[in-house]
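Down below is the structure, laid out as C-alpha coordinates.
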Amino acid sequence: MQLFKYKPPRVNSGDLRIPITFYEYAANEGPEPGESEKKILYQPWAKIDNVWLKDLEVAKANGTLFDVTITIRDPQADYLPNNKHYLSIDAPEYRGKRFNVKHVQPDLQNKAFIKIVAGLVE
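Residue numbers for the sequence shown follow the working numbering, so the first one is 154 and each next one is one higher.
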(Lines of atoms letter the chains of each structure in order from A and count residues from 1; the text may use other names and numbers.)
(Lines give C-alpha, C1' and ligand atoms only; values in the text may rest on other atoms or scores of the structure.)
Protein backbone atom coordinates (compact mmCIF):
# COMPACT_ATOMS: atom_id res chain seq x y z
CA MET A 1 0.00 0.00 0.00
CA GLN A 2 1.27 3.45 -0.93
CA LEU A 3 1.60 6.03 1.83
CA PHE A 4 -0.42 9.22 1.54
CA LYS A 5 1.69 12.32 1.06
CA TYR A 6 0.06 15.73 0.77
CA LYS A 7 0.93 17.62 -2.40
CA PRO A 8 0.07 21.33 -2.27
CA PRO A 9 -1.77 22.75 -5.29
CA ARG A 10 0.36 24.24 -8.04
CA VAL A 11 -1.55 27.53 -8.00
CA ASN A 12 -3.40 29.10 -5.13
CA SER A 13 -5.08 32.45 -4.65
CA GLY A 14 -1.92 34.00 -3.20
CA ASP A 15 -0.16 33.54 -6.57
CA LEU A 16 -2.68 35.77 -8.37
CA ARG A 17 -0.83 39.07 -7.98
CA ILE A 18 -0.91 40.81 -11.37
CA PRO A 19 -4.03 42.64 -12.58
CA ILE A 20 -5.02 42.03 -16.19
CA THR A 21 -7.82 43.43 -18.32
CA PHE A 22 -9.75 41.67 -21.07
CA TYR A 23 -10.91 43.93 -23.91
CA GLU A 24 -13.07 43.64 -26.96
CA TYR A 25 -11.81 45.60 -29.97
CA ALA A 26 -13.76 46.82 -33.00
CA ALA A 27 -12.73 48.28 -36.35
CA ASN A 28 -12.34 52.04 -36.48
CA GLU A 29 -15.21 53.98 -37.97
CA GLY A 30 -14.43 55.84 -41.15
CA PRO A 31 -11.82 55.27 -43.83
CA GLU A 32 -8.81 54.88 -41.51
CA PRO A 33 -7.62 51.27 -41.00
CA GLY A 34 -7.06 49.73 -37.61
CA GLU A 35 -9.07 48.98 -34.55
CA SER A 36 -9.78 50.61 -31.22
CA GLU A 37 -10.89 49.48 -27.80
CA LYS A 38 -14.62 48.84 -27.74
CA LYS A 39 -15.24 47.89 -24.11
CA ILE A 40 -13.68 46.28 -21.04
CA LEU A 41 -15.04 42.77 -20.51
CA TYR A 42 -13.38 41.47 -17.35
CA GLN A 43 -10.64 42.53 -14.92
CA PRO A 44 -9.22 39.61 -12.87
CA TRP A 45 -5.99 39.04 -10.96
CA ALA A 46 -3.64 36.58 -12.66
CA LYS A 47 -0.47 34.58 -12.43
CA ILE A 48 1.84 35.04 -15.42
CA ASP A 49 3.96 31.94 -15.99
CA ASN A 50 7.59 32.18 -16.94
CA VAL A 51 8.41 31.52 -20.56
CA TRP A 52 9.59 27.96 -21.14
CA LEU A 53 11.45 26.65 -24.16
CA LYS A 54 8.32 24.66 -25.04
CA ASP A 55 6.32 27.91 -25.17
CA LEU A 56 8.90 29.50 -27.48
CA GLU A 57 8.65 26.54 -29.87
CA VAL A 58 4.84 26.80 -29.89
CA ALA A 59 5.10 30.57 -30.51
CA LYS A 60 7.38 29.97 -33.50
CA ALA A 61 5.03 27.31 -34.87
CA ASN A 62 2.07 29.73 -34.55
CA GLY A 63 3.98 32.55 -36.22
CA THR A 64 4.06 34.85 -33.18
CA LEU A 65 7.06 36.39 -31.49
CA PHE A 66 5.97 36.04 -27.90
CA ASP A 67 3.39 33.95 -26.03
CA VAL A 68 2.41 34.07 -22.35
CA THR A 69 0.52 31.58 -20.23
CA ILE A 70 -1.88 33.19 -17.79
CA THR A 71 -3.72 31.50 -14.93
CA ILE A 72 -6.87 33.15 -13.55
CA ARG A 73 -9.63 32.04 -11.22
CA ASP A 74 -12.46 30.40 -13.16
CA PRO A 75 -15.11 33.11 -13.69
CA GLN A 76 -17.82 30.48 -14.31
CA ALA A 77 -20.58 32.14 -16.38
CA ASP A 78 -19.57 35.75 -15.63
CA TYR A 79 -17.02 35.80 -18.44
CA LEU A 80 -16.01 33.28 -21.09
CA PRO A 81 -12.75 34.23 -22.85
CA ASN A 82 -12.40 33.41 -26.55
CA ASN A 83 -10.01 34.13 -29.39
CA LYS A 84 -11.79 37.37 -30.36
CA HIS A 85 -10.74 39.01 -27.09
CA TYR A 86 -7.54 40.87 -26.24
CA LEU A 87 -5.83 41.40 -22.92
CA SER A 88 -3.35 43.76 -21.35
CA ILE A 89 -1.12 42.98 -18.38
CA ASP A 90 -0.66 45.71 -15.78
CA ALA A 91 3.01 45.06 -14.97
CA PRO A 92 6.03 47.20 -15.89
CA GLU A 93 7.49 44.46 -18.10
CA TYR A 94 4.32 44.19 -20.20
CA ARG A 95 3.07 47.79 -20.18
CA GLY A 96 1.92 49.04 -23.57
CA LYS A 97 1.71 45.53 -25.05
CA ARG A 98 -1.52 43.97 -26.23
CA PHE A 99 -2.07 40.21 -26.33
CA ASN A 100 -4.65 38.22 -28.29
CA VAL A 101 -6.25 35.22 -26.58
CA LYS A 102 -5.26 32.11 -28.50
CA HIS A 103 -6.31 29.18 -26.37
CA VAL A 104 -8.36 28.70 -23.20
CA GLN A 105 -8.29 25.48 -21.20
CA PRO A 106 -9.29 24.42 -17.70
CA ASP A 107 -6.47 23.79 -15.24
CA LEU A 108 -6.66 20.04 -14.77
CA GLN A 109 -4.72 20.11 -11.50
CA ASN A 110 -7.13 22.58 -9.91
CA LYS A 111 -10.66 23.05 -11.26
CA ALA A 112 -10.99 26.49 -9.67
CA PHE A 113 -8.62 28.02 -12.25
CA ILE A 114 -8.34 28.29 -16.03
CA LYS A 115 -5.24 28.73 -18.19
CA ILE A 116 -5.10 31.13 -21.11
CA VAL A 117 -2.41 31.20 -23.78
CA ALA A 118 -2.10 34.63 -25.40
CA GLY A 119 0.14 35.91 -28.19
CA LEU A 120 1.65 39.35 -28.62
CA VAL A 121 -0.09 41.57 -31.16
CA GLU A 122 2.20 43.81 -33.24
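Every residue gets a Cβ at the ideal spot worked out from N, C-alpha and C, and that includes glycine.
Query, Result
"Assumed close pair E188, A179 - CB separation to whole angstroms, cut-off 8 angstroms", "6 angstroms"
"Counted within 10 angstroms of its Cβ, other Cβ atoms place L240 as buried (16 or more) or exposed", "buried"
"Integer-rounded CB distance, given that I269 should sit under 8 angstroms from I223", "5 angstroms"
"Local conformation of G216 per DSSP, three classes", "coil"
"Option nearest A271 by Cα separation, candidates K192, I242 and N165", "I242"
"Option in L156, L209 and D168 with minimal Cα separation from P197", "D168"
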